[in-house]
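*Asks:*
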Amino acid sequence: MFLGASRALFTGARGRFNHQMPVMQCTGSSRAKLIRTMPETPAVQSPENSRFSGDERPQTPASSRLAAWILAVTLVLVPISGIPGEWVLQDTLKSALLALGVIGAALAFVWSKLQTKETGVLQVHGLLLFPTVLSIYALGSMAWSHSYLAAVEACRWALLGLLLWLTLLVLNSKTLPILLGGMHLGAVGASMWAAAQFWGDMDWFPQVAVPASTFANRNFYAEYLICTLPLSAYLLVQLKTPLWRQLMALSLAFNIVALMMTGTRSALLTAGLVLPLVAFGLWRFRHALVVRRWSRGSKLSVATVLVAGLLGLGALPTANRTLLAEGPAVSPLERSLLRAGSVARKAEYTTGSFSVRASMWRSTARMMMAHPWTGVGAGAWEVHIPLYQGWNNSLETDFYAHNEFLQLLGEYGLLVGGGTLAVLLAYLILSAQRVWISPVRGHAGQQAALQAMALCSLLGLFLVSNAGFPWRLASSGAMLVVALALLSWSTSRPGRPLAHRGWSIALAGLGVVLLFSVLVSVQGMRAEQYIVRSVQALNRLVSEPDMPAAQREALQIEAFALLKEGVAIHPHYRKLTSIAADQFALTGNLEAALWAQDSVAASRPYIPDVHANRVLLNSGLKKAAEAQAAFDALRSLQPDAPRTRALGILLLRRAGHDDQAALQLKHYFDDGKVEYDLVRFALAIGLENKNESLTTRAFRLWVQGWPSEASAQADVFQLAPQAWRERMLSR
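Taking numbering that gives the first Met the number 0, the leading residue of the sequence shown gets 0, the next gets one more, and so forth.
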């Protein structure tokens, strides 16, 4: 209903989206003079001939109209759709919806071309090289880097490239409000879910950090929402029918308040920069926009609704128990101010989330220096990053660098990644310059206003991309290319005509791609469902220790079978398989835990924690050769880490080589490597083997280094022979 209304409001009874040329009243002589001076073929660069002008063509082609509606529905469904449960991850669903929607729209576009016998001329733009080059490089990465992750990257960029091209193809003065209306309605729908979580404590969707709408993490939701605000503002000032203006203003205020609810600092700080630019851009081009013809009362009422909505909705307190426990800020306004102000705290840069991100950025910088030209391969950041984290950061902090530009350079190298970013940045700067010098009235002003809002949307996305990974998420990734399409729409050029046979081949190819996408989506969801069900069964085993033995055994068997089925479909699913491995170890099923850890190690061979766990599990299962192989892998990654030294001593002990272990411990102590695990190993070996010198030295080191453990030290002291005790206490 909203999409239909928005289209009607923009088109009106006459004209299309207010791009009609003003009607010139000419006398007979002046009309003849005008006709004589008109060029036979309009200049390509003239505003009247741009794709943004109202006299572009008498009717919107059916191919553009149908494809635009499908894209608009996709832009609605992707952000508002979620899974009430944990059997599928939220962005898996969103990615599937985006892929099916974009390919479906492309199919509709081609099919309509075949049915209507329209002239088959495709619009092209140099900006299409951005996703194309990255997709081709990702395909090449499959030959020398992680094949699966490179293939995923190739598909991701190909899909975004198709969305960019398709948006350029369908954009015209009638389809523009359809696409913008779909984008805005999707943002409002997602904000409604967030509001229900903030004000109503709704918990339908799994939340890592609330309120996250349907995005699982509030940061993901905020990064998406910040991109929509400039285009929603443009939609507001172009409304022609007074009836809808106040409702549109209220929905825009509601979205801004929803952004405040998240407390995402990068998005809030970005909003503080972008929203004033949006206001300035709309004011600068106000004479070219419909808002100029609003009545004074209409302008006042819209401004009142916008301000009252921000202040009124922003003052409503939360009912979410998690947010109430986080701190004193209970309203969106309070929460946004408190969270944004927290960036000034010193602790944020030493122990807070910024310090974690900074650690990942430093590791990524080391990766870039090690592979400056080619990178580590598309999508392979998470595979190689453990090599550059250092021994004291062996536990992966995340699967992404939390900086899209650094990760792109780390994966694609300076030649491809750096070159692509440089060209894109140059294009955006030139576009901003072109917008700045554009006329502020008429068709050129309308075109410049839309481009200015697209630039604001991209600026917001790029700013939050310095602290997150929004390009890799379905909703914000779609906003990236839609904003690029809006920016480049007026400068796209017709390509070569495509014959009827070419459209038929394109239709068949897209049909195959659609079937492949459905298959991949279904298989991905099946894999997630199996692994998640396995983890849920294991969580139940951990939380119910008094469960009858027969039931526990049956649940263990079921959990292991589910995990195997999921991994058989998707052997590279790092995020969930490692969780199952940890849970199996907690429940005492070492065989299943080892199987899961081996599966992870086969896909991600450079994670020290995985190899350390494999050492312990193989050793616990009396698999000495496998334990030694896992230890060798760990030692190759972290040769001088405390954990590596401790596990080496453990393997020597379990192999019955206490004498070698004692000698190795002596060397460690001589080198000044006094670590808690080594000291305890030395005490155990010394007492068991009646090694007075090792026991005495280890006990002294224990007392000196860990005085808080005096009670345990007294117990061990009593275990030592009487003749040793005096020397153990001497310094």
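Cβ atoms here follow ideal geometry from the backbone N, Cα and C, with glycine treated the same way.
Return the chain-ordered list of same chain residues with a C-beta closer than 6 angstroms to the C-beta of Leu106, the five sequence neighbours on each side being excluded.
*Replies:* The residues are Leu509.
*Asks:* When the Cα of Ser598 is compared with those of Leu615, Ala579, Asn588, which residue comes out closest?
*Replies:* Answer by Cα proximity: Ala579.
*Asks:* Measuring CA to CA, which of Ala473, Leu429, Asn465 is closest to Leu454?
*Replies:* Of the listed residues, the one whose Cα sits closest to Leu454 is Leu429.
*Asks:* So, at 6 angstroms on beta carbons, what are the nonlocal neighbours of Pro371 in its own chain, with the 5 sequence-adjacent residues on each side left out?
*Replies:* Excluding residues within five positions, the ones whose Cβ falls inside 6 angstroms are Leu413.
*Asks:* Tell me whether Val329 sits in a helix, a strand or coil according to DSSP, three-state version.
*Replies:* If DSSP states are grouped into helix, strand and coil, Val329 belongs with coil.
*Asks:* For the beta strand (DSSP E) holding Pro493, just list the boundary residues, first then last.
*Replies:* Counting along the chain, the beta strand (DSSP E) containing Pro493 begins and ends at 492-496.
*Asks:* Below 8 angstroms, can you find three or more Cβ-Cβ pairs linking the region 399-409 to the region 175-187?
*Replies:* As far as the Cβ criterion goes, the region 399-409 does not touch the region 175-187, which means the pair count is below three.
*Asks:* Count the other CB atoms within 10 Å of the CB of Glu410; is the residue buried (16 or more) or exposed (fewer)?
*Replies:* Flag for Glu410 reads buried.
*Asks:* Across which residues does DSSP place Asn216 in a beta bridge pair?
*Replies:* DSSP output for Asn216 lists Ala208 as bridge partner(s).
*Asks:* Which residues mark the beginning and the end of the alpha helix (DSSP H) in which Met368 is found?
*Replies:* Taken as a continuous stretch (DSSP letters only), the alpha helix (DSSP H) holding Met368 covers 352-369.
*Asks:* State the DSSP-derived secondary structure class of Gln122, mapped to helix, strand or coil.
*Replies:* The answer is strand: DSSP assigns Gln122 an E or B state.
*Asks:* How is the alpha helix (DSSP H) around Trp502 delimited, first residue to last?
*Replies:* Here the alpha helix (DSSP H) through Trp502 covers 499-542.
*Asks:* Could you compute how far the alpha carbon of Ser491 sits from the alpha carbon of Ala448?
*Replies:* Each residue's alpha carbon lies about 17 angstroms from the other.
*Asks:* Here's the rule I'm using: 16 or more other beta-carbon atoms within 10 Å means buried, otherwise exposed. How should Met20 be labelled?
*Replies:* Low local confidence applies: a pLDDT of 36 at Met20 is under 50, so the model's placement there is unreliable, and no value is given.
*Asks:* Comparing C-alpha positions only, which one of Ala548, Trp594, Asp545 sits nearest to Leu561?
*Replies:* For the residues Ala548, Trp594, Asp545, the minimum Cα distance to Leu561 belongs to Trp594.
*Asks:* For Phe716, which residues of its own chain have a beta-carbon under 6 angstroms away from its beta-carbon, when the five flanking residues on both sides are left out?
*Replies:* Same-chain partners within the cutoff: there are none.
*Asks:* Checking 8 angstroms against the spacing of the C-beta atoms, do Cys226 and Leu460 come in under that value?
*Replies:* In this structure, Leu460 lies closer than 8 angstroms to Cys226 by Cβ.
*Asks:* Helix, strand or coil for Met201 per DSSP?
*Replies:* Coil, per DSSP.
*Asks:* Helix, strand or coil for Arg724 per DSSP?
*Replies:* In this structure, Arg724 counts as helix in the three-state DSSP scheme.
*Asks:* Please classify Asp658 as buried or exposed, where buried requires at least 16 other C-beta atoms within 10 Å of its C-beta.
*Replies:* When all chains shown are included, Asp658 counts as exposed.
*Asks:* At which residues does the alpha helix (DSSP H) containing Ala681 begin and terminate?
*Replies:* Here the alpha helix (DSSP H) through Ala681 covers 675-687.
*Asks:* Determine the burial state of Pro720: buried for a count of at least 16 other Cβ atoms within 10 Å of its Cβ, exposed for fewer.
*Replies:* Pro720 is exposed by the Cβ-count criterion.
*Asks:* DSSP on Arg440, reduced to helix/strand/coil?
*Replies:* Residue state, collapsed to three classes: coil.
*Asks:* Using the three-state DSSP reduction, which class does Arg344 fall into: helix, strand or coil?
*Replies:* Coil, per DSSP.
*Asks:* Given this structure, state the Cα-to-Cα distance separating Phe279 from Val109, to the nearest angstrom.
*Replies:* About 40 angstroms.
*Asks:* Between the region 676-688 and the region 635-649, do three or more beta carbon pairs fall short of 8 angstroms?
*Replies:* Judged by Cβ distances under 8 angstroms, the region 676-688 makes contact with the region 635-649, as three or more pairs qualify.
*Asks:* Please state the DSSP three-state secondary structure of Val375.
*Replies:* Coil, per DSSP.
*Asks:* Is there contact here, the region 535-548 with the region 87-102, by at least three beta-carbon pairs under 8 angstroms?
*Replies:* The region 535-548, when compared against the region 87-102, does not touch it at the 8 angstroms Cβ threshold.
*Asks:* Please classify Ala142: does DSSP put it in a helix, a strand, or coil?
*Replies:* Here Ala142 sits in coil by DSSP.
*Asks:* Less than 8 angstroms between the CB atoms is what I'm expecting for Trp164 and Ser134, so what's the real figure, rounded?
*Replies:* About 12 angstroms; that fails the 8 angstroms criterion.
*Asks:* Rounded to whole angstroms, what is the Cα-Cα separation between Asp670 and Leu633?
*Replies:* Taking the straight line joining both Cα atoms gives about 21 angstroms.
*Asks:* Given 8 angstroms as the limit, is there contact between the region 235-248 and the region 286-305, that is, 3 or more CB pairs closer than that?
*Replies:* In short, these stretches touch, since the Cβ pair count reaches three.
*Asks:* Residues in the same chain with beta-carbon distance under 8 angstroms from Val541, minus the five sequence neighbours each way, listed in chain order, please.
*Replies:* Gln582, Leu585, Thr586, listed in sequence order.
*Asks:* Given this structure, state the Cα-to-Cα distance separating Gln122 from Leu420, to the nearest angstrom.
*Replies:* Straight-line Cα distance between these residues: approximately 23 angstroms.
*Asks:* Taking Cβ to Cβ, would you say Thr131 is nearer than 8 angstroms to Ala484?
*Replies:* Result no, Cβ atoms of Thr131 and Ala484 do not sit closer than 8 angstroms.
*Asks:* I believe Thr712 touches Trp723 by the beta-carbon criterion, under 8 angstroms. Please report the beta-carbon distance rounded to the nearest angstrom.
*Replies:* For the sequence presented, residue 712 should be read as Gln rather than Thr. In fact, because the Cβ distance is near 14 angstroms, the residues do not count as touching under 8 angstroms.
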